[in-house]
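Notes for the one structure printed next.
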Amino acid sequence: MDTLQFLMDGFAVALTPTNLLFALFGAFIGTLIGALPGLGPANGVAILIPLAFTLGLPPETAMILLTSVYAGAMYGGRISSILLNIPGDEPAMMTCLDGYPMAQKGKAAEALAMSAIASFAGSLIGTIGLILLAPVLARFALTFGPAEYFALFMLAFATLGGITGKNPMKTVVAATIGIMISTVGIDIATGTQRYTFGVLKLYEGIDFILAIVGLFAISELLFFIEERAGAGRKMIKVGKLMLRPKEILAAVPTMFRGGILGFIAGVLPGAGASLGSFISYTMEKQYLGKKAHFGDGDPRGVAAPEAGNNGAASGALVPMLTLGVPGSGTTAVLLAMLISLNITPGPLMFTQNADIVWGVIAALLIGNVLLLLLNIPLVGFFVKLLSVPPMYLLPIVTMVAFVGIYSISHSAFDLYFMIAFGVAGYVLRKLEIPMVPIILGMLLGPEMEKNLGHALVISDGEWSILWASPLALGLWIVAGLGLILPYIIGPILRRRMNNAMKESPTSD
Amino acid sequence: MTARGDRILGIGLLVLAVAYGWVAQGWPEPFGGAETVGPETFPTLLAVVLGLSSVYLILKPDPDTKWPMGRTGAEILLSIVILALYAFLLEPLGFVISTTLAVSALCWRMGARPVSAFLTGLISAVVVFVLFNYALELSLPAGLLEFE
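Those protein sequence lines, which keep their order, are chains A and B.
Position one of the first sequence corresponds to residue 1 (the numbering used here), numbered consecutively onward.
Position one of the second sequence corresponds to residue 1001 (the numbering used here), numbered consecutively onward.
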């Protein structure tokens, strides 16, 4: 069993005291990030990237830190769903349906504990799936030529909007803008200066970390100012924890099913954690039928979506690690970290940077145990922090973003750039242009161009090579479907999700 | 007009696409003669894609979202100005002073009472400064508070 051997090596990396400490720190910060309003997981990981850099962390430690933050954020999202009926991030939306009614009945502590256990189960299932599937997929991906890679990138962009996405054309626009930004600077292949306008600062291209922090953190601040949501909201008191082992055992099959469904949704392009939690919830509701009272504060209604979205979070790492093609915003940000660390993502990473890949996977397992241990006793503390109103929190977060960016290059010029990206991000988000494809475009642009170039050199300028092999053609077809399906299925699925929200009597 | 936002965006992007594509055609041939794939191939492709999708936006725009006007709009502009001033003053005034000012101003504009806004700014500035300069040994500019 090669995999087992690698996993053991991974544990050896992840269990060194420094790495363990960073995993713990990441898990803690991640839960905070997930719990706090206005700080989604992608946003939180983005702000931490410059810090990981300036601390001069070795690559595996930096990745372990960020992966733990990612896992933690998925845990944290449920806290505000249950206590405030406001999802901390989108995947936590389904948790509101039964979590909030439970909290209203004075069972907030039980709901929080149940969701922590379900998150753990979902993550565990997802991570086991990742361990089994990733090496296989990586081996398969080694057979990809440049044409297949080019098609794969197209697929990644086409499905990024998700099946529930609103206007796929806006995803196309966003991705193209991102790729265009990536072409600024000196062309690696020929040395031609492109779009530098003689500005020295632009010769090396535009740093995507600035762009990511600007697009996420700064635009979020502007949104909060617009919505005047500075004061925060009242929340439900958390009572004493009275969860009986019987109740947990009753929910174990639910967690198991939710975790598996979530993992599958996470691996598939274009589905992601939101769909993972949605599918887990609705399937479970149908499966249990009259035996459960979903929507009315059934603990299993909390367990299913939580297991689903955490399973999906681990699943989403599969395409990111094996193909270098992330399926969600947060994994895109993790990819940015890898590229900044000079690690070429993709199947070769499994052989060339095995210590990093397996260290991260092992850290994910350890992180989950840490998260479960952190979450049950510390839930009161997280709840207290949740009551910090955003009007104090967001300015501080913005300041941390400034510090991070400044400490990379010690130049005020970069800060102006970041602000400009923030303002642009605000305007584009108002126009419903999604941010993630822009970032993914900036990250994948250079690789796309390289693969296009290689493919055309091989074929001596014959463009048809791009869809000549059956595999490449298949990828193109799926990419095409990814753009067309949202027009057909999207409205139906969206309506169903809305109906599910409406059916529950407590949601407004 | 209910769909002005997308139309304006579409026109702007179309202009960008044309300019972007046009600039790409003007680059000198790389040393060693032209190949099938030059530095302009990929940008040209991108310009075409962006051009077509911006035409789509102009023809089939989504309904407008509400744009902040009046006071909210002014608040947003003000906070952008605060951020820009923060970046501008970070080095001359030093981290602690500029951060105190910027964070307090933002907290205050988001609705905090002036005193608590100021305290938040001051405390967060000092904590982060001490943490970075002494614990993590990354130097943030001391500015006016430089003693050496």
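Glycine included, each C-beta is placed from N, C-alpha and C at the ideal position.
Inset, instruction - Please state if the CB of Val69 (chain A) and the CB of Gly44 (chain A) are separated by a distance shorter than 8 angstroms. - result: yes
Inset, instruction - Compare the C-beta of Ile179 (chain A) against all C-beta atoms of chain B and say whether one is closer than 8 angstroms. - result: yes
Legend entry - Buried/exposed call for Met1001 (chain B), threshold 16 Cβ in 10 Å: Confidence is the limiting factor: at Met1001 (chain B) the pLDDT is only 47, short of 50, which leaves the residue's position unreliable, though a coordinate-based value still follows. So Met1001 (chain B) counts as exposed.
Inset, instruction - Taking the CB atoms as reference points, tell me whether Leu466 (chain A) and Ala479 (chain A) lie closer together than 8 angstroms. - result: no
Inset, instruction - Quick one: which residues of the stretch 444 to 464 of chain A get their C-beta closer than 8 angstroms to a C-beta of chain B? List them in chain order. - result: Met448, Glu449, Leu452, Gly453, Leu456, Val457, Asp460, Gly461
Inset, instruction - Give the DSSP-derived three-state secondary structure of Gly259 (chain A) in the structure shown. - result: helix
Inset, instruction - Enumerate in chain order the residues of its own chain whose CB-to-CB distance from Val360 (chain A) is below 7 angstroms, with the five nearest sequence positions on each side excluded. - result: Met63, Ile64, Thr67
Inset, instruction - Report buried or exposed for Thr344 (chain A), applying the criterion of at least 16 other Cβ atoms within 10 angstroms of its Cβ. - result: exposed
Inset, instruction - Determine, using beta carbons only, whether Ala211 (chain A) and Met399 (chain A) come nearer to each other than 8 angstroms. - result: no
Inset, instruction - Would you mind sorting Glu1123 (chain B) into buried or exposed? The rule is 16 or more other CB atoms within 10 Å of its CB. - result: Checking the sequence, you will find Ile at residue 1123 (chain B) rather than Glu. When all chains shown are included, Ile1123 (chain B) counts as exposed.
Inset, instruction - Report all residues from its chain with a CB closer than 8 angstroms to the CB of Asp508 (chain A); omit the five preceding and five following residues, and keep chain order. - result: Low confidence applies to Asp508 (chain A): its pLDDT is 36, below 50, so where it sits in the model is not reliable enough to give any reading.
Legend entry - Buried or exposed (CB count within 10 angstroms, at least 16 for buried), Glu1148 (chain B): Caution applies to Glu1148 (chain B), whose pLDDT of 46 falls short of 50 and renders its modelled position unreliable; the value that the coordinates give is listed next. Counting Cβ neighbours within 10 Å, Glu1148 (chain B) comes out exposed, since fewer than 16 surround it.
Inset, instruction - Tell me whether Arg194 (chain A) sits in a helix, a strand or coil according to DSSP, three-state version. - result: strand
Legend entry - For Gly185 (chain A): DSSP bridge partner residues: A:Arg194
Inset, instruction - Could you name the residues of chain A that Val1126 (chain B) contacts, counting a contact when the two beta carbons are closer than 9 angstroms? - result: Here the premise fails: no neighbours, minimum Cβ distance about 12 angstroms.
Inset, instruction - Check the Cβ of Ala1084 (chain B) against every Cβ in chain A and list those closer than 8 angstroms, keeping chain order. - result: Tyr416, Ile419
Inset, instruction - With a threshold of 16 other CB atoms inside 10 Å of the CB of Phe197 (chain A), please say whether the residue is buried or exposed. - result: exposed
Legend entry - Residue range of the alpha helix (DSSP H) that includes Lys1066 (chain B): Where Lys1066 (chain B) is concerned, there is no enclosing alpha helix (DSSP H), given that its DSSP letter is neither H nor E.
Legend entry - Continuous alpha helix (DSSP H) stretch holding Arg1113 (chain B): start and end: Looking at the DSSP string, Arg1113 (chain B) is not in any alpha helix (DSSP H), and its letter there is neither H nor E.
Inset, instruction - Check whether the Cβ atoms of Leu321 (chain A) and Val267 (chain A) lie closer than 8 angstroms to each other. - result: no
Inset, instruction - Would you mind sorting Ile117 (chain A) into buried or exposed? The rule is 16 or more other CB atoms within 10 Å of its CB. - result: buried
Inset, instruction - Determine whether the Cβ of Ser340 (chain A) lies closer than 8 angstroms to any Cβ atom of chain E. - result: Judged by its chain identifiers, the structure shown contains no chain E, and its protein chains are A and B.
Inset, instruction - Flag Ala1112 (chain B) as yes if its beta-carbon sits less than 8 angstroms from any beta-carbon of chain A, otherwise no. - result: yes
Legend entry - Residue range of the unbroken alpha helix (DSSP H) whose run includes Leu1050 (chain B): 1041 to 1059
Inset, instruction - Kindly indicate which three-state DSSP category Lys430 (chain A) falls into: helix, strand or coil? - result: helix
Legend entry - Contact check, Phe153 (chain A) vs Met448 (chain A), beta carbons under 8 angstroms: yes
Inset, instruction - Return the residue from the list A:Ser328, A:Glu306, A:Lys450 that minimises the CA-CA distance to Met255 (chain A). - result: A:Glu306
Inset, instruction - State yes or no: is the C-beta of Val302 (chain A) within less than 8 angstroms of the C-beta of Thr95 (chain A)? - result: yes
Inset, instruction - Consult DSSP for Phe216 (chain A) and reduce its assignment to one of helix, strand or coil. - result: helix
Legend entry - Min CB distance Trp1022 (chain B) to chain A below 8 angstroms: no
Inset, instruction - Classify Phe150 (chain A) as helix, strand or coil using the three-state DSSP reduction. - result: helix
Legend entry - Proximity test, Cβ basis, 8 angstroms: Met1001 (chain B) and chain A: In this predicted model, Met1001 (chain B) has a pLDDT of only 47, less than 50, meaning its place in the structure is not dependable enough to derive any value.
Inset, instruction - Could you tell me whether the stretch 426 to 441 of chain A touches the stretch 206 to 220 of chain A, using the rule of 3 or more Cβ pairs below 8 angstroms? - result: yes
Inset, instruction - Could you check which residue in B:Leu1131, B:Glu1091, B:Val1048, B:Arg1004 has the C-alpha nearest to that of Pro1063 (chain B)? - result: B:Arg1004
Inset, instruction - Can you say whether Ala52 (chain A) is buried or exposed, counting buried as having 16 or more other CB atoms within 10 angstroms of its CB? - result: buried
Legend entry - Alpha-carbon to alpha-carbon, Ser1053 (chain B) and Leu1083 (chain B): 33 angstroms
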